[in-house]
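*Asks:* Chains A and B are the protein sequences, given in the same order.
Sequential numbering from 1 applies to the first sequence in the numbering used here.
Sequential numbering from 1 applies to the second sequence in the numbering used here.
We put the beta carbon where it would ideally sit given N, CA and C, even for glycine.
Note that the coordinates shown come from a computational prediction; the quantities given were computed from them, not determined experimentally.
I am attaching a structure below and will ask some questions about it afterwards.
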Amino acid sequence: MFSEPLGGDVEQTRAAASYWIRRRKQGRVLCQNEATLISVKCGWNREQGGAGEWARCMLGAACSWPPTCCELMARSLRPGSLVHVDWHRSAEAKEFFSRLQHKKKRRKFGLLEAPVMPPSISVDTVNYKVFISGKSAVGKTTLAARLAGLDVPRMHYETTGIETTVVFWPVKLRDSGRVLFFRFQFWDCGENSLRRFDHLLPSCKEQMDAILFLFSFIDHASFVDLSSQIARGTGASDNIVKVVVGTKFDLFMHTDVTEEEVRSFQAASGIPVFRVGGDVCGGWGEVAPLLNALAELLWHQDRLAAGKMPPQPSSRGETGDLAGC
Amino acid sequence: MFGSGQDVLLSSCETERGGRVVWRVFHDSVMLIAVSGQDTEAVCEFQLRRLLDNIWNCMVLILGIDELVNVRNVERLKRDLRLCYQLIDGFLEASGEWMGDVTHCVDCLLPPQLVLLQEALDAFSHAAESEFGCLLVHGKVVAATEKWWRLAPQEVVLLTVLLRSLGGTACCDQPVFLPQGSPTVPHRLLRFQLLPGADVCVLCGPSPSLQRAEIELVGRFWRPLMEILWTCLALKDHCLPGSVTLHKDVLGLLLINRESSRAISSVRSAVNPPGAPSVARRWELLRLFFIFTVKRYFVQDEVAQRQKRESLQEEFALGFSHQPIQCYMVTEECKCFGLQTPHYQLYLLMPFSVPTFALRPLAARTLSTLTATGF
Ligand SMILES: Nc1nc2c(ncn2[C@@H]2O[C@H](COP(=O)(O)OP(=O)(O)OP(=O)(O)O)[C@@H](O)[C@H]2O)c(=O)[nH]1
Ligand SMILES: [Mg+2]
């Protein structure tokens, strides 16, 4: 995969390496089979021993982009520019997606488990924490269940405390052709619980990588509330991926939020908006747009952080192309 | 209310067609009323009373006792009570493979290699800055720290039901008040799903954070035990390790350790003589037989006292001057045998084909096999 060793900017390489080491320490990056990773010859890593060794591996993942691509990303992220968005439909993807199923249903993984690939294929796993935010009954618990392919709750039971849900999602990177397992951990906290206990919100926001802001298509107030939600959800250090999800889109007969409103919100904020709703039928197609976009945005963000490139505001409206579920 | 105005204590009533209404006032603040349908044979006063206790405990667990006893704003309380609905429904819909709701004993599963699991649990809890840790498989307790066992049995049952209601999620951080141990100060109940169906949980204070505990501790302590956990998971319904061999005619059993308030219930799906009830039905029969027996014969002290005070119905049991120690029942579906000693109670289901005179020796033998495990 690496025709050329990373040359040139050793400082940048070092920064990237220490970034990946940090994430590794935080438990964010898992490496299933370190031995098979490509090593990059860099003088600095000899002094650093074990950690350097490992960072070298991850650099393989982090810096395998042609510079033109990096420059492009720094300006704005075009949907589908980093990952193959329709990959789950391809024959090649079957091998990966079949590991996520069991008897035609989504396979459940405990914390000690991960999808097992045949020894010939080595796949790395990257971990991300995604906080689901939104007012009570908007559909947070339902969304987490939907993304995990579990039965969605019929009744609204208020969630007490925090519940997290793990979703594995294989993604094929565009430039290197590498496949990665994204392991999303969705954090869902009942809104009324959140208000009763002060410690829950900080815990949800601790080291989060992305945040999903939910509104409901049948509750206009929840849509209006988005901007204050966004202000509350993200703090000063703003290298967090933000995505808006409109729930209950299946109840369009009663819809309270117009397409025009959604479009102008998207244009003004630069935050992509997704629509979800209806029964879970278990197909990959119903979760692919959101999960692919999340993966792409998170990957992009990590690239920026690792490369120490100053994140620039994306040109307005462009990320909005991601919308449409 | 009319009655209490006149200093009369009325505790339950029955409708003409057999429906039943039972109520109780908790802490002079909240009155809970349970109404059963007309088929009273299925739901008796004993069950309704346990239900009221359980529901009150659910409310305390989620909201804390202060909010329930010093009600300042009823509307707010009503809104906050919605947080309890899921747990309460868990008790209302109780059925199937656990019986803690009626036995008020902790449903357990006897694992192979308990020592290894216990060591891992103790070390894990210690690392999570907690003295209260518990490992559950299929919602039944496999191992718990010493302090966990010192919680009131009803609390442990309640926590188990709570953990069961959290279903398939990976981790939880759930504020809980302990109805007896800590009704005013909340603790954090952290739960981690190690494998689907195998969970470990700890009760702790402000630290560690859920995320830190998951990343730093879960894999470190539990990955080496994956194989054993899988073996435990395979014991579903059976709940006893392969090393315990029971007589081939035992369809299902419930064993209660009266001292430790722990129970094992087991339904043997591999034992399937012709005409025997299905696995689901056996769980139901065990539950019904337990309720029937406790109501009529093995009247527990606490219940007996309350009945002396409150009930006029169970005259039959109260009429005994002694405690029955064995009982049996023959139905069209199967034969049941109940047996009690100072330490244990055993309830057995056997196929209809077993001769009635053989029930007693079979039960005695089963009891000694089971107690030999040290349960
Ligand atoms: N038709 C439809 N109903 C939905 C959808 N999402 C959620 N619901 C329903 O909305 C209700 C509330 O959903 P939950 O997911 O439990 O709400 P929540 O955001 O987790 O609420 P809290 O835990 O109280 O904060 C449930 O009855 C769901 O069935 C959807 O996309 N379509
Ligand atoms: Mg919820």
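Measuring CA to CA, which of A148/A, T142/A, E260/A, S133/A is closest to D225/A?
*Replies:* Closest by alpha carbon: S133/A.
*Asks:* Using a Cβ-Cβ cutoff of less than 7 Å, which residues in the same chain neighbour T373/B once the five nearest sequence positions on both sides are dropped?
*Replies:* The answer, listed in chain order, is L110, V244.
*Asks:* Does G168/B get closer than 8 Å to chain A when you measure Cβ to Cβ?
*Replies:* Cβ-Cβ to chain A under 8 Å: yes for G168/B.
*Asks:* Could you tell me whether the segment 106-122 of chain B touches the segment 183-191 of chain B, where touching means 3 or more Cβ pairs closer than 8 Å?
*Replies:* No, the segment 106-122 of chain B is not in contact with the segment 183-191 of chain B.
*Asks:* Just confirm the distance between the C-beta atoms of R99/A and P119/A, as a whole number of angstroms; I'd bet it's less than 8 Å.
*Replies:* Not quite, the Cβ-Cβ distance comes to about 13 Å (not below 8 Å), so this is no contact.
*Asks:* Using alpha carbons as the reference points, say which of F192/B, Q86/B, R223/B lies closest to L162/B.
*Replies:* Comparing Cα positions, the closest option is Q86/B.
*Asks:* Between the segment 107-121 of chain A and chain B, which residues of the former have a C-beta closer than 8 Å to a C-beta of the latter?
*Replies:* Flagged, chain order: K108, F109, G110, L111, L112, E113.
*Asks:* Quick check: is any heavy atom of ligand 2 less than 7 Å from the C-beta of D237/B?
*Replies:* It does not: the Cβ of D237/B is nowhere closer than 7 Å to a heavy atom of ligand 2.
*Asks:* Can you give me the Cβ contacts of D237/B inside the same chain, cut-off strictly under 8 Å, excluding the 5 residues immediately before and after it?
*Replies:* Answer for D237/B: E97, S266, V267, R268, S269, V279, listed in chain order.
*Asks:* Buried or exposed for N70/B, going by 16 or more other Cβ atoms inside 10 Å?
*Replies:* Exposed is the call here.
*Asks:* For ligand 2, is there a heavy atom less than 7 Å away from the beta-carbon of G161/A?
*Replies:* Not under cutoff, so the answer is no.
*Asks:* Sorry if obvious, but does the Cβ on T141/A come closer than 7 Å to a heavy atom of ligand 1?
*Replies:* Yes.
*Asks:* Kindly say whether T327/A, judged by its beta-carbon, lies nearer than 8 Å to any beta-carbon of chain B.
*Replies:* In the structure displayed, chain A extends from 1 to 325; residue 327/A sits before or after that span and is not available.
*Asks:* Considering only residues of the same chain and omitting the five flanking positions on each side of S125/B, which have a CB-CB separation below 6 Å?
*Replies:* Within the same chain, S125/B has close Cβ partners G133, T145, V202.
*Asks:* So, at 7 Å on beta carbons, what are the nonlocal neighbours of D173/B in its own chain, with the 5 sequence-adjacent residues on each side left out?
*Replies:* Same-chain partners within the cutoff: R188, L190, L210.
*Asks:* Could you work out which residues of chain A lie near W222/B, taking near to mean beta carbons separated by less than 7 Å?
*Replies:* Within chain A, the residues near W222/B are L112.
*Asks:* If you follow the alpha helix (DSSP H) that G90/B is part of, which residue opens it and which one closes it?
*Replies:* Note, G90/B: alpha helix (DSSP H), 85-92.
*Asks:* Taking the C-alpha atoms as reference points, what is the distance between L286/B and M329/B?
*Replies:* Computed Cα separation, rounded: 12 Å.
*Asks:* Taking 8 Å as the threshold (beta carbon to beta carbon), is L201/A in contact with chain B?
*Replies:* Closer than 8 Å: no.
*Asks:* If you compare alpha carbons, which of K108/A, S136/A, R183/A is closest to A295/A?
*Replies:* For A295/A, the nearest C-alpha among the options comes from R183/A.
*Asks:* Please check if any C-beta of chain A sits within less than 8 Å of the C-beta of Y347/B.
*Replies:* No, no contact with chain A.
*Asks:* For L255/B versus L370/B, is the C-beta distance shorter than 8 Å?
*Replies:* The answer is yes: Cβ separation under 8 Å.
*Asks:* Is the number of C-beta pairs between the segment 141-153 of chain A and the segment 200-209 of chain A that are closer than 8 Å three or more?
*Replies:* Contact fails: fewer than three Cβ-Cβ distances are below 8 Å.
*Asks:* Hey, which unbroken runs of the beta strand (DSSP E) at 3 residues or more fall wholly within the segment 159-238 of chain B?
*Replies:* Segments of the beta strand (DSSP E) lying fully in the segment 159-238 of chain B: 171-178, 182-195, 198-204.
*Asks:* Below 7 Å CB to CB, which residues in the same chain sit around G64/B once its five sequence neighbours on both sides are set aside?
*Replies:* If we look at G64/B and ignore the five residues flanking it on each side, its Cβ neighbours are F177, P183, T184, P186.
*Asks:* Could you give the C-beta distance for C13/B and V21/B, rounded to a whole number, given that I count them as a contact under 8 Å?
*Replies:* Indeed, because the Cβ distance is near 5 Å, the residues count as touching under 8 Å.
*Asks:* Give the straight-line distance between the Cα atoms of L195/B and L82/A, rounded to the nearest whole angstrom.
*Replies:* Distance between the alpha carbons of L195/B and L82/A is about 33 Å.
*Asks:* May I ask you to report which of helix, strand or coil DSSP gives C281/A?
*Replies:* Note: C281/A maps to coil in three-state DSSP.
*Asks:* For I325/B, write down the residues that DSSP places opposite it in a beta bridge.
*Replies:* Note: I325/B sits in no beta bridge, so no partner.
*Asks:* If you run the structure through DSSP and keep just helix, strand and coil, what is I211/A?
*Replies:* Three-state DSSP puts I211/A in a strand.
*Asks:* Look at L135/B and V218/B and say whether their C-beta atoms are less than 8 Å apart.
*Replies:* No; because the gap between Cβ atoms is not below 8 Å, this pair is not in contact.
*Asks:* Using only the alpha-carbon positions, how far apart do F249/A and F217/A sit?
*Replies:* If I take the Cα positions, the gap works out to 6 Å.
*Asks:* Near H138/B, which residues of its chain fall below 6 Å by C-beta distance, leaving aside the five closest residues on each side in sequence?
*Replies:* Once the five neighbours on either side are set aside, the close Cβ partners of H138/B are G197, K236.
*Asks:* If you measure from the CB of H156/A, is any heavy atom of ligand 1 nearer than 7 Å?
*Replies:* Yes, the Cβ of H156/A comes within 7 Å of a heavy atom of ligand 1.
*Asks:* Output the distance between the C-alpha atoms of M117/A and F109/A, rounded to the nearest integer angstrom.
*Replies:* So the two alpha carbons sit approximately 14 Å from each other.
*Asks:* DSSP beta-bridge partners for S193/A?
*Replies:* None; S193/A has no bridge partner.
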